[in-house]
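**Q**
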Amino acid sequence: MAAKRQNIFQDVAALAVGLRTTLAEAFRPITTVSYPEEKSPRSQRYRGRHYLRRYENGLERCIGCELCSAACPVGCILVIAAENTEEHRVSPGERYAKVYEINMLRCIFCGYCEEACPVQAIVLGPEYELSDVSREKFIYTKDMLLEPDPRSGQQEPVRVGLR
Amino acid sequence: MTAFLSAPNPGGLYTDPFWHWVIVVVGMLLVLFALLTASAYTVWFERVALGRMQRRPGPNRVGPFGLMQLAADGVKLAFKESFAPRGVDSILYVLAPGIMVVAALLSWAVIPVGIWYGFSYWIANLNIGILLILAVSSMNAYAILLGGWSSNNKYSLLGGLRAAAQLISYEMALGLSLVPIFMIVGSLRLQNISTYLVHAGPVGLPLIVVAPVSFLIYIISAVAETNRTPFDLPEAEQELIGGYLTEYSGLKFVAFYLGEYINMITVATLATLIFLAGWQGPFLPPIFWFFIKVVAFLFMYIWLRTTFPRLRYDMLMRLGWKFLLPLALANVVVTAVVVVAVT
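Top to bottom, those sequences are chains A and B.
For the first sequence, the working numbering begins at 1 and goes up steadily by one.
For the second sequence, the working numbering begins at 1 and goes up steadily by one.
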């Protein structure tokens with residue numbers, strides 16, 4: 001598509017084509033997503049904030065195996081396991097996670113912990129608006145990550161990526 | 001009010017020796033205020049129009065439709081630290097933006113603005129109005145050159161030199177493009193030129209109909225004189241970091257920036273007064289026609305900025321000297337022949 005430039009009229013015509021193009025663009029709709037009012041759509045498998053899931057009967061799924069911590073490429077998950085006793089049973093299994101913390105400032109939201117978990121306890125949900133005001137507040141503890149008991153009737157947070 | 005401000009023989013309060021000066025000073029302050037506000041909103045208009053032509057909204061967060069954006073920017077720039085780099089010529093460093101603003105505002109002393117039917121306003125009714133404007137706008141070359149040189153920075157110096165060469169090249173084409181207008185109207189007084197209509201039968205037509213080549217040369221030269229794209233090599237960010245503006249920040253930068261936009265408004269106003277019959281138009285009051293025409297010109301400036309790539313320096317000089325200047329001279333000769341033949 002060689003531009004022919006034999007005479008001055010074609011040059012001026014080329015200038016006019018440029019002007020017409022920009023003016024036409026001015027009347028087309030803007031493509032910007034005005035952030036707080038509109039948000040970009042997220043896919044089904046969007047990797048956002050983590051959740052620790054439970055079974056239907058209220059027991060936690062997490063068995064404290066620390067596979068998520070080993071799989072994490074950044075090393076932002078801290079798991080300290082403890083034995084389940086008959087009086088105090090938290091998860092169906094021998095162990096449960098007594099301490100479960102994720103440092104959200106280090107997390108890269110890759111989803112390896114979700115893939116590594118053998119009981120589908122840790123999942124990544126769709127929530128991404130996680131701004132906060134101090135670094136200490138970004139260490140999410142187990143009670144911040146654990147989703148509510150399904151028997152209690154509390155509204156479940158939105159989760160995607162169930163297996 | 002009409003009694004003392006209409007031309008050419010203002011009577012009443014205007015001729016009283018004391019009140020004359022009160023009116024003139026109040027008028028100057030009004031024009032100053034109006035012009036600074038107008039240049040701020042020209043920047044807003046440019047940012048919104050550039051955005052829309054690039055499929056994005058432009059400023060829309062500060063105030064309704066982003067109208068307060070420039071106020072916020074002005075406050076921010078005013079609070080910046082006022083420093084001078086080491087080794088600058090301190091007098092010239094501070095003087096250069098001052099010259100820019102003075103040169104931009106001084107042209108408005110002779111520009112008439114039509115406000116209501118039979119009532120137009122100006123500060124000075126000078127018989128060589130346009131000559132004053134052309135002379136004063138040449139001072140912009142001083143501002144840019146001194147700003148570039150006094151910054152003690154190679155890139156600023158190069159930018160300043162390029163700008164000065166560009167400005168003096170296009171000044172001649174600018175002046176020559178207006179000479180046919182003077183020949184047709186017979187006067188340099190802006191009040192006469194802006195109310196002149198070419199009569200073709202019962203209809204009065206603006207001067208653009210009889211001087212289209214003049215209009216074209218005027219547009220190109222004026223865009224080059226105000227250092228706007230496609231002729232903005234002096235402030236090209238990709239080549240010269242900021243050109244003559246590199247070492248300026250805070251209020252001195254505001255002075256250069258606003259000076260450039262006031263120059264744009266001056267050029268747009270002159271084009272409407274000279275070529276598009278000023279404030280005359282069928283149904284609306286004159287102030288609206290004036291406003292609409294000036295805004296249409298400013299939109300054209302912005303449209304040119306969005307569309308065209310920058311001219312390389314040698315292309316720019318070649319255009320000014322080898323194309324526009326001969327064309328302007330030929331235009332003068334042809335118009336002179338036609339004017340003599342017709343009268």
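Ideal placement from N, C-alpha and C gives every residue a C-beta, glycine not left out.
As the structure is a computational prediction, the values presented were derived from the model and not from experiment.
#1: Just the Cα atoms here: how many angstroms apart are A:Gly48 and A:Arg42?
#2: Going along chain A in order, which residues have a C-beta closer than 7 Å to the C-beta of B:Thr307?
#3: Leaving out the 5 sequence neighbours to the left and right, which residues in its chain are closer than 7 Å to B:Phe253 when beta-carbon positions are compared?
#4: Helix or strand or just coil, what does DSSP make of B:Gly175?
#5: What is the DSSP secondary structure of B:Tyr41, counted as helix, strand or coil?
#6: Taking 8 Å as the cut-off, decide whether the C-beta atoms of B:Ala271 and B:Phe297 are in contact.
#7: Pick out whichever of B:Asn127, B:Val198, B:Val333 has its Cα sitting closest to the Cα of B:Ile111.
#8: For B:Lys76, name the three-state secondary structure that DSSP assigns.
#9: Among residues of its own chain, excluding the 5 on either side of B:Trp122, which ones have a beta-carbon nearer than 6 Å to its beta-carbon?
#10: Nearest-angstrom Cα distance between B:Val342 and B:Val209?
#11: Among B:Arg305, B:Tyr196, B:Trp21, B:Leu35, which residue has its Cα nearest to the Cα of B:Val223?
#12: If you run the structure through DSSP and keep just helix, strand and coil, what is A:Ala164?
#13: Between the C-alpha atoms of B:Gln191 and A:Leu19, what's the straight-line distance to the nearest angstrom?
#14: Who does A:Asn103 pair with in a DSSP beta bridge?
#15: Going by Cα to Cα distance, which pick from B:Pro326, B:Met315, B:Gln280, B:Tyr313 is closest to B:Phe119?
#16: Between B:Met264 and chain A, is there a C-beta pair that is closer than 8 Å?
#17: Following the continuous alpha helix (DSSP H) through B:Tyr344, name the residue where it begins and the one where it ends.
#18: Mind listing the chain A neighbours of B:Trp19? Cutoff is C-beta to C-beta under 7 Å, in chain order.
#19: Which residue comes first and which comes last in the beta strand (DSSP E) that contains B:Trp116?
#20: Give me whichever residues DSSP pairs with B:Tyr121 in a beta bridge.
#21: Quick one: list the residues of chain B neighbouring A:Ala26, beta-carbon separation under 8 Å, in chain order.
#22: Considering just the uninterrupted stretch of the beta strand (DSSP E) at A:Tyr51, what are its terminal residues?
#23: What distance in whole Å lies between the Cβ atoms of B:Ala96 and B:Leu146, which are believed to be in contact at a cut-off of 8 Å?
#24: Relative to chain E, which residues along the stretch 75-105 of chain A have a C-beta separation below 7 Å, given in chain order?
#25: Starting from B:Leu205, follow the beta strand (DSSP E) in both directions and report where the run begins and ends.
#26: Which one of B:Val26, B:Met28, B:Ser151, B:Ile144 has the shortest CA to CA distance from B:Glu260?
#27: Distance, Cα to Cα, B:Ala345 vs B:Arg61?
#28: B:Ile99 lies in the alpha helix (DSSP H); which residues open and close that run?
#29: If you measure between the beta carbons of A:Glu129 and A:Leu52, is that distance less than 8 Å?
#30: In this structure, how does DSSP classify B:Val62 when only helix, strand and coil are distinguished?
#31: Chain A beta carbons: is any one of them nearer than 8 Å to that of B:Pro326?
#32: 8 Å is my cut-off, CB to CB: does A:Thr31 come that close to chain B?
#33: Are the CB atoms of B:Leu174 and B:Ser221 nearer to each other than 8 Å?
#34: Measuring straight from C-alpha to C-alpha, what distance separates B:Gly160 and A:Ile8?
#35: What is the residue span of the alpha helix (DSSP H) that B:Ile217 lies within?
#36: Could one say the Cβ of B:Trp321 lies closer than 8 Å to chain A's Cβ atoms, at least one of them?
**A** Taking the definition as stated:
#1: 10 Å
#2: Gly18, Leu19, Thr22
#3: Leu77, Leu245
#4: helix
#5: helix
#6: yes
#7: B:Asn127
#8: helix
#9: Pro112
#10: 16 Å
#11: B:Arg305
#12: Here chain A has residues from 1 to 163 only, and residue 164 of chain A is not among them.
#13: 34 Å
#14: A:Ile139
#15: B:Gln280
#16: no
#17: Residue coverage of chain B in this structure runs from 1 to 343, which leaves residue 344 of chain B outside it and unanswerable.
#18: Those do not exist, as B:Trp19 stays about 49 Å from chain A at its closest Cβ, beyond 7 Å.
#19: 113-116
#20: B:Val113
#21: Ala49, Arg52, Met53
#22: 50-52
#23: 4 Å
#24: Judged by its chain identifiers, the structure shown contains no chain E, and its protein chains are A and B.
#25: 203-205
#26: B:Ile144
#27: The structure shown does not extend to residue 345 of chain B, since chain B is modelled only from 1 through 343, so no value can be given for it.
#28: 90-106
#29: no
#30: coil
#31: no
#32: yes
#33: yes
#34: 32 Å
#35: 212-225
#36: no
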